[in-house]
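First the structure, in the form of structure tokens, and then the observations on it.
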Amino acid sequence: MKEIKAVIRPTRLDDVREALMRTPGFPGMTVTHVEGCSAPARHQPQNLKEELLDFSPKVRIEMVVDDDHADVLYETVKQAAATGHVGDGLVWMGDVQRCDYLWQPGSQSG
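Each residue of the sequence shown is one higher than the last, beginning at 0 in numbering that gives the first Met the number 0.
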């Protein structure tokens, strides 16, 4: 299994979600609202106030997927999130050693 994570612009979330919903093997995702900043080499704050407020809103997406669908889902996120401008974010993928659903079909709720 693989874990795909991405930090993207909030304005791209709907496009990413729609693209993923059309992609076979999409298992669902967790979305977290976060803040981030660029590396110092990309943007030099002009004053202390700008330096302290140099965080912009982002969205973090996380999903655990089976190996057979991982590459396609990774590329789907990458293409749907990109605008071609600095600050688009990043996407990465890593191995998952173990993953279990906490709910099992036929189990009692409550």
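Beta carbons are placed, not taken as given, at the ideal position from N, Cα and C, and that holds for glycine.
* **Cut-off 8 Å between Cβ atoms - residues of its own chain near Asp66, not counting five sequence neighbours on either side** => The residue you call residue 66 lines up with position 67 of the sequence shown. Met0, Lys1.
* To do: List the DSSP bridge partners of Glu61.
  => If you number the sequence shown from 1, residue 61 lands on position 62. In the DSSP output, where bridge partners are listed per residue, Glu61 has Lys4, Thr29.
* Asked: Does the region 86 to 101 come close enough to the region 14 to 21 that 3 or more CB-CB pairs lie under 8 Å?
  -> Taking 8 Å as the limit for Cβ pairs, the verdict is that the region 86 to 101 does not touch the region 14 to 21.
* With 8 Å set as the bound, which would you pick, yes or no: does the beta-carbon of Lys4 sit closer than that to a beta-carbon of chain B? -> The structure shown contains no chain B, having only a single protein chain.
* How is Pro104 classed by DSSP in three states: helix, strand or coil? -> The count along the sequence shown starts at 1 and reaches residue 104 at position 105. Coil at Pro104, not helix or strand.
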